[in-house]
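Enquirer: Could you have a look at this structure, given as structure tokens, before my questions?
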Amino acid sequence: MTRLDGKRLVQSANEADNWLLGCTTPLHYPTNGQPITITLYSLCNLPSHLHQWAFNLVKRNLYDQYIAAKDTGWSDEDKLAEMSEEHAMYLIAQASDGQLAGFLYFQFVMEDYCADDIESGEDSSDDKEDEQIPVIYCYELQLESSFQRKGLGAHLMRILEEVGRKYHMEKSMLTVFKSNEAAITFYRKLGYDVDGISPSKHLPPRRAARISYEIYSKCLRQDS
Ligand SMILES: CC(C)(COP(=O)(O)OP(=O)(O)OC[C@H]1O[C@@H](n2cnc3c(N)ncnc32)[C@H](O)[C@@H]1OP(=O)(O)O)[C@@H](O)C(=O)NCCC(=O)NCCS
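Take 1 as the starting number for the sequence shown in the UniProt record's numbering and just add one per residue.
Now the structure itself:
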């Protein structure tokens with residue numbers, strides 16, 4: 001796939017308007033007998049109280065890890081800007097009694113890929129290094145503590161991956177703090193692995209060690 005083909009795929013995914021149409025992963029999820037409904041919003045129709053709750057939840061769940069990570073730190077303004085990008089999409093999970101359970105924020109984007117990712121037999125010359133591929137990027141996955149460890153996070157990731165496949169994205173990707181062992185265990189269980197563009201894969205070990213995060217990915221191609 002050329003870079004132009006990839007950009008066209010991202011553009012048409014962003015211009016679609018019924019992303020979950022035909023999705024076979026249920027948009028309901030039972031936890032402790034309390035059904036949860038999952039709704040997809042794009043940023044332009046996401047109610048502001050849900051956007052604010054999502055921001056607050058990230059801060060409650062991960063503030064300490066951001067502060068401990070010397071290379072990132074925490075800034076309300078930066079996080080709000082990050083969560084307000086033009087093509088931001090939110091899967092919001094809400095229990096039948098109205099309680100907000102969690103959310104997943106993603107975008108369709110072009111992302112760098114590493115020549116090592118190319119299947120054997122293909123050209124791995126240097127000119128590949130600047131190439132990018134279309135991916136569905138999970139920027140946030142956050143659950144309220146009372147809704148964790150009930151399978152809801154895995155369910156939201158299944159929806160993400162199905163949407164990614166529907167729009168022919170090559171990979172599902174995400175960034176996670178190295179210190180977030182629970183999340184890393186979770187993503188690995190779902191089949192994610194450290195991506196070729198992650199700092200530990202392409203920086204000298206001493207430089208990589210100073211970086212607080214890793215980039216994980218999972219190939220979505222049907223033929224892989
Ligand atoms: C990480 C998170 C998204 C996982 O979602 P979840 O619904 O709690 O996880 P699931 O119940 O779907 O777990 C699936 C599997 O992942 C693994 N896993 C999930 N949470 C784990 C934890 N805290 N410790 C160890 N393994 C864990 C387990 O293998 C689990 O399967 P099991 O319950 O059958 O043993 C959720 O716990 C969360 O929101 N955490 C706080 C915010 C956060 O760290 N987000 C990720 C940022 S990158």
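The beta carbon of each residue, even a glycine, is placed where N, CA and C say it ideally should be.
This one's a predicted model, so the numbers in the text were calculated from it and none came from an experiment.
Between valine 176 and ligand 1, is the CB less than 7 angstroms from at least one heavy atom?
Expert: Yes, the beta carbon of valine 176 sits closer than 7 angstroms to at least one heavy atom of ligand 1.
Enquirer: Comparing the CB of glutamine 142 with every heavy atom of ligand 1, is any distance shorter than 7 angstroms?
Expert: Checking every heavy atom of ligand 1 against the Cβ of glutamine 142, one is found closer than 7 angstroms.
Enquirer: Assign glutamate 86 to one of two classes, buried (16 or more other C-beta atoms within 10 Å of its C-beta) or exposed (fewer than that).
Expert: It is exposed - the Cβ of glutamate 86 has fewer than 16 other Cβ atoms within 10 Å.
Enquirer: For residue 240, count the other beta carbons within 10 Å of its own beta carbon; 16 or more makes it buried, fewer makes it exposed. Which is it?
Expert: Any question about residue 240 goes unanswered here, given that the chain covers just 1 to 224.
Enquirer: If you draw a straight line from the C-alpha of leucine 27 to the C-alpha of proline 204, how long is it?
Expert: Between leucine 27 and proline 204, the C-alpha separation is close to 43 angstroms.
Enquirer: Measuring only from the beta carbon, is phenylalanine 106 closer than 7 angstroms to any heavy atom that is part of ligand 1?
Expert: No; taking the cut-off as 7 angstroms, the Cβ of phenylalanine 106 has no heavy atom of ligand 1 nearer than that.
Enquirer: From phenylalanine 103 to threonine 31, what distance separates their C-alpha atoms?
Expert: Using only the alpha carbons, I get a separation of about 15 angstroms.
Enquirer: Could you tell me whether the Cβ atoms of aspartate 17 and arginine 210 are closer together than 8 angstroms?
Expert: Contact: no.
Enquirer: Output needed for glutamate 131: all residues of its chain with C-beta closer than 8 angstroms, excluding positions within five of it in sequence on either side, in chain order.
Expert: Contacts found: Arg3, Asp112 and Tyr113.
Enquirer: Assuming threonine 175 is part of the beta strand (DSSP E), what are its boundary residues?
Expert: Start and end: 171 to 177.
Enquirer: Using the beta-carbon count (16 or more within 10 Å), is serine 217 buried or exposed?
Expert: So serine 217 ends up on the buried side.
Enquirer: With H, G and I counted as helix, E and B as strand and the rest as coil, what does DSSP make of cysteine 44?
Expert: If DSSP states are grouped into helix, strand and coil, cysteine 44 belongs with the helices.
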